[in-house]
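Taken in order, the sequence shown gives residues 198 to 333; the numbers are from this note's numbering.
This report concerns only the one structure given below.
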Amino acid sequence: MYPAELVKPMRDDLASAGFEELYTADAVANAINKEGTTLVVVNSVCGCAAANARPAAKMSLQNDKKPDFAVTVFAGVDKEAVDAARNLMVPFPPSSPSMALFKNGELVHMIERHHIEGRPAEMIAQNLAQAYDEFC
């Protein structure tokens with residue numbers, strides 16, 4: 198588990214863009230099962246989260262169509278919340294960072310770590326925007 202002071206700037210990166218931070222399994226279940234669409238970002242301390250995932254998640258919300266809700270859990274810190282989110286992302290294996298779009302509690306789009314590593318944030322944001330156009 199990472200110390201809170203280490204991850205604070207990484208948390209704040211998404212929180213300052215309007216993402217709600219989730220810390221418990223109940224909070225995750227409540228967020229994902231809301232009517233409408235919810236983007237879930239599994240945040241991470243790794244370089245591809247800083248360079249690609251977080252910027253892409255924030256950029257994607259500039260799309261005309263966007264999720265009703267944007268939430269985040271932090272891998273290596275919020276174990277209960279991350280485990281709950283990952284359980285709802287099956288059949289995809291756990292990875293961080295990752296992003297999932299849910300509609301009315303159902304997983305409809307997934308971006309795994311291997312889709313994030315080595316790809317520019319703009320390309321990842323475009324992938325999310327296409328999912329928003331289809332599902333939001």
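All residues carry an ideal CB built from backbone N, CA and C; glycine is no exception.
**Asked** So, are the CB atoms of residue 235 and residue 325 less than 9 Å apart?
**Response** No, they are not a contact pair.
**Asked** What's the gap between the Cα of residue 313 and the Cα of residue 249?
**Response** Roughly 6 Å between the two C-alpha positions.
**Item:** Helix, strand or coil at residue 231 according to DSSP, with G and I counted as helix
**Value:** In this structure, residue 231 counts as coil in the three-state DSSP scheme.
**Message:** Can you tell me which residues form a DSSP beta bridge with residue 269?
**Reply:** DSSP output for residue 269 lists 218 and 238 as bridge partner(s).
**Request:** Taking only the alpha-carbon atoms, compute the straight-line gap between residue 305 and residue 262 and give it to the nearest angstrom.
**Result:** Looking at the two C-alpha atoms, the distance is approximately 15 Å.
**Message:** Let me make sure I understand the geometry here. Which of 260, 227 and 273 has the alpha-carbon closest to that of residue 243?
**Reply:** A check of alpha carbon separations from residue 243 across 260, 227 and 273 identifies 273 as the nearest.
**Message:** According to DSSP, simplified to helix, strand and coil, what is residue 289?
**Reply:** Residue 289: coil per DSSP, three-state reduction.
**Asked** Residues bridged to residue 295 by DSSP?
**Response** For residue 295, which the question treats as bridged, DSSP gives the partners 239.
**Message:** For residue 222, which residues in the same chain have their Cβ closer than 8 Å to its Cβ, ignoring the five residues on either side in sequence?
**Reply:** Same-chain partners within the cutoff: 277, 278, 280 and 281.
**Prompt:** If you count every other CB in all the chains shown that lies within 10 Å of the CB of residue 264, and 16 or more means buried, which is it?
**Reply:** With 16 or more Cβ atoms within 10 Å of its Cβ, residue 264 is classed as buried.
**Prompt:** Should residue 238 and residue 295 be called a contact, given that it needs their Cβ atoms to be closer than 9 Å?
**Reply:** It is a contact, given that the beta carbons lie within the stated cut-off.
**Asked** Leaving out five residues before and five after residue 288 in sequence, what residues of the same chain have Cβ atoms less than 7 Å from its Cβ?
**Response** Excluding the 5 residues flanking it on each side, residue 288 has no same chain C-beta neighbour closer than 7 Å.
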